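A.B. asks: I'd like to ask you about the structure that follows.
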Amino acid sequence: MTSQVSSPAEQADGAVVGEQRKAAGEKDVRRLDRVIIRFAGDSGDGMQLTGDRFTSETASFGNDLSTLPNFPAEIRAPAGTLPGVSSFQLHFADHDILTPGDAPNVLVAMNPAALKANIGDLPRGAEIIVNTDEFTKRAMQKVGYDSSPLDDGSLDGYHLHPVPLTTLTVEALKDFDLSRKEAERSKNMFALGLLSWMYHRPTEGTEKFLRSKFAKKPDIAAANIAAFRAGWNFGETTEDFAVSYEVAPAAKAFPPGVYRNISGNLALSYGLIAASRQADLPLYLGSYPITPASDILHELSRHKNFGVRTFQAEDEIAGIGAALGAAFGGSLAVTTTSGPGVALKSETIGLAVSLELPLLIVDIQRGGPSTGLPTKTEQADLLQAMYGRNGEAPVPVVAPRTPADCFDAALEAARIALAYRTPVFLLSDGYLANGSEPWRIPDPDELPDLTVQFAQGPNHTLDDGTETFWPYKRDPQTLARPWALPGTPGLEHRIGGIEKQDGTGNISYDPANHDFMVRTRQAKIDGIDVPDIEVDDPDNARTLVLGWGSTYGPITAAVRRLRTAGESIAQAHLRHLNPFPHNLGTVLKAYDKVVVPEMNLGQLATLIRAKYLVDARSYNQVNGMPFKAQQLATALKEAIDD
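Letter 475 of the sequence shown, counting from 1, is numbered 492 in the numbering used here, and no numbers are missing.
Rendered as structure tokens:
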């Protein structure tokens, strides 16, 4: 891991800065090119908030960054236990990065459970900041420590900083009219202040955030700000922290523009709103809360001013039923869910295929089967999205590659749904949904035109010269049928799940007509215009690594490592999984070896093998966590050498 290794020039510069500051009686400051920090504690310790605030300040400072929140499925997991540990990992750098990092350089452990759950991920020499107040005999025994790891030498390979965070926080807030329990809740802000000092993070944004968050409780806001400042001052004055670190802004990593930090679910929400504006259609979300998709419902409910209507249904079936009804009524209709919800929605998705109406099904994948691992990530719903319906019911599938890319993927899914009158799957996952990165806010002129024309009148002339409306008369280019708003005079037509007659839309049990309609619906999906897949291959490699969805970051980081080491390897990444890009077969057959890393047991590889008769090699992981770059680099090196 090179997280804290700088170039000789940078080290020399850092030494000069350090000597100048020492001469002035100040602490040493070292310059780093990147850092990986992990905050860990109980679910009630505020680790997600702490990590989010550190991330926000890091984004405003101008570093490139990537985050990995990781938390239990329980709303309030058992305190002090290993299953109850919540963590937030942040990787930030002065250059372009792609992942939250393989191993933390710094671990902030709020209790023994947090230390034990995360110590295995730390490289030797990493820094560990522990809240010594929580290392009581009972707390240590609860997680299997027979003796204190702070005293028994087991942490000698690390730079240990024992800090009584709880005691220091309570002492800092002694002048506030708070109970001890209330004061202790601010210890995460003390830790945030300390880390902000260590890495020269801005503080104004956090203080403004706290004033806003606790606007109705000014005493609590003041207490949290006091704890935050106390943590900063502790770092400045204590002898235990002799060094602070600087990570310069990543000025060369970003094209010119206005940037903000954004999570995948937030980017997806904004993409849906942008799509509705570009289509000049009201946005309707019919949804039932489910982890990790619920944040989209929460976010969209805030934007009624943009014509967004959100409906929290009593169950998954009602949610998609309402969304399909909104599509029939002329809205850009969306339903959001995760894998278990997709199973419940499958019949209505099939109905949407039969009705040929635009509908976005957003699946934020998580570990399965059944309830599975609600707060962990997986890519195991691909085959469900492709085939998880009765009959021949083809549905396009689109997958974003990074948190920020969720914005563009939402626009692309909406384009396909509206242009081809079809339901579309948008496959994100928990890693993208909760993770974050910098996002360049696009200019409105850069967004695609998604406007559609509703049917206005008759579109067919009968043999006797009568003009009439045929609801299943198709556009010769897209094979899309007309979108007729209910209540439009003269455009009355029958809807429902029973097979329709081509053109007229009348109920039909004719075998030849059913065969024709099945093949036509498939041809419509097969004919969707999607861009060719692009291949990154600067050295005419013999091995291609093919990915989809959130594996983009780890795969790209692994490919960079291999090329730096002198290896030749090509990379391609799929956004469109149904239909595949038209040139995919040609690309695959140009390489001797094709490796497909996936967070499942080989679902894309199965599709590739079946369609293109290519001996695609799977590299799979289903542990609820994203791939690590070094792990993939090792596997790909073995494939190259095989």
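A virtual CB, placed ideally from N, CA and C, is assigned to each residue, including glycine. Here the structure is a predicted model, which means the values were calculated and not measured.
1. Rounded to a whole number of angstroms, what is the C-alpha to C-alpha distance between S311 and N451?
2. Name the residue from F56, P555, A540 whose alpha carbon lies nearest to the alpha carbon of A120.
3. Please state whether the Cβ-Cβ distance between A94 and P100 is less than 8 Å.
4. Can you give the Cα-Cα distance for G79 and A268, rounded to whole angstroms?
5. Do I334 and T352 have their CB atoms nearer than 8 Å?
6. Using DSSP with H/G/I as helix, E/B as strand and the rest coil, what is G385?
7. Use the C-beta contact count for D257: other C-beta atoms within 10 angstroms, 16 or more gives buried, fewer gives exposed.
8. Run the CB neighbour count on G68, radius 10 Å, all protein chains shown included, and call it buried at 16 or more, exposed below.
9. Can at least three beta-carbon pairs, one atom from the segment 405 to 424 and one from the segment 283 to 291, be found at a separation below 8 Å?
10. To the nearest whole angstrom, what separates the beta carbons of V147 and A130, a pair I think is in contact under 8 Å?
11. Just reading off the beta strand (DSSP E) that I279 is part of, what are its end residues?
12. Looking only at C-alpha atoms, which of R141, N128, I136, S104 sits nearest to T149?
13. Kindly list the residues whose CB is nearer than 7 Å to the CB of P488, restricted to its own chain and excluding five residues on each side of it in sequence; keep chain order.
14. Indicate whether L646 and T116 have their beta-carbon atoms separated by less than 8 Å.
15. So, for A622: in the same chain, excluding its five sequence neighbours on each side, which residues have a beta-carbon less than 6 Å away from its beta-carbon?
16. Residues in the same chain with beta-carbon distance under 8 Å from Q620, minus the five sequence neighbours each way, listed in chain order, please.
17. Take the Cβ of P272 as the centre, count every other Cβ of all protein chains shown within 10 Å, and call the residue buried at 16 or more, exposed below.
18. Going by other Cβ atoms of all chains shown within 10 Å of its Cβ, with 16 needed for buried, is E331 buried or exposed?
19. Nearest-angstrom Cα distance between V631 and G544?
20. Can you tell me the Cβ-Cβ gap for I657 and E584, rounded? I've got them flagged as a contact below 8 Å.
21. Specify whether the segment 272 to 281 and the segment 315 to 330 touch according to this definition: at least 3 beta carbon pairs, one from each stretch, less than 8 Å apart.
22. So, is R197 buried or exposed, given that buried needs 16 or more other C-beta atoms within 10 angstroms?
23. Tell me whether R155 is buried or exposed, calling it buried when 16 or more other Cβ atoms sit within 10 Å of its Cβ.
24. From the DSSP output, read off the bridge partner residues of K517.
25. Among P440, P503, E263, which one has its Cα closest to the Cα of G346?
26. Please specify which runs of the beta strand (DSSP E), each continuous and at least 3 residues long, are wholly inside the segment 45 to 95, giving them in chain order.
27. Kindly indicate which three-state DSSP category L298 falls into: helix, strand or coil?
28. List in chain order: all unbroken beta strand (DSSP E) runs of 3+ residues lying wholly within the segment 525 to 567.
29. Only counting the same chain, and skipping five residues up and downstream in sequence, which positions put a Cβ closer than 7 Å to that of F251?
30. Leaving aside the five residues before and after L467 along the sequence, list all residues of the same chain whose C-beta is less than 7 Å from its C-beta, in chain order.
31. Evaluate contact between the segment 404 to 417 and the segment 592 to 607, counting only Cβ atoms and requiring at least three cross-stretch pairs below 8 Å.
32. Measuring only the C-alpha atoms, how far is M206 from A90?
33. Roughly how many angstroms lie between the CA atoms of L649 and A575, to the nearest whole one?
34. Can you give the Cα-Cα distance for N8 and E364, rounded to whole angstroms?
35. Entirely within the segment 110 to 146 and at least 3 residues each: give me those beta strand (DSSP E) ranges in chain order.
36. By the 10 Å Cβ neighbour count, where 16 or more other Cβ atoms means buried, how is N282 classified, buried or exposed?
C.D. replies: On the basis of the coordinates in this document:
1. 11 Å
2. F56
3. Here A94 is near P100, since their CB atoms are less than 8 Å apart.
4. 7 Å
5. No, these two residues do not count as a Cβ contact at 8 Å.
6. coil
7. By the 16-neighbour rule on beta-carbons within 10 angstroms, D257 is exposed.
8. buried
9. yes
10. 12 Å between Cβ atoms; not a contact.
11. 276 to 280
12. N128
13. R498, P499, A501, H510, G522
14. Strictly speaking, residue 646 in this sequence is Ala, with Leu absent from that position. Result yes, Cβ atoms of A646 and T116 sit closer than 8 Å.
15. V613, A633, S635
16. Q396, A397, L399, L400
17. exposed
18. exposed
19. Distance between the alpha carbons of V631 and G544: 23 Å.
20. 6 Å
21. Touching, no.
22. exposed
23. exposed
24. I524
25. The shortest C-alpha to C-alpha distance from G346 to any of P440, P503, E263 is the one to P503.
26. Fully enclosed beta strand (DSSP E) runs of 3 or longer: 45 to 49, 51 to 59, 81 to 87.
27. coil
28. As far as the segment 525 to 567 is concerned, its whole beta strand (DSSP E) runs of at least 3 residues are 560 to 565.
29. Answer for F251: L185, L211, listed in chain order.
30. A292, Q295, A296, A431, R432, L435
31. The segment 404 to 417 and the segment 592 to 607 touch, with no fewer than 3 CB-CB distances between them shorter than 8 Å.
32. Taking the straight line from one Cα to the other gives about 24 Å.
33. The alpha-carbon of L649 is positioned some 6 Å away from that of A575.
34. Summary: the structure shown does not reach residue 8, with the chain confined to residues 18 through 659, and so no result is reported for it.
35. 123 to 126
36. buried
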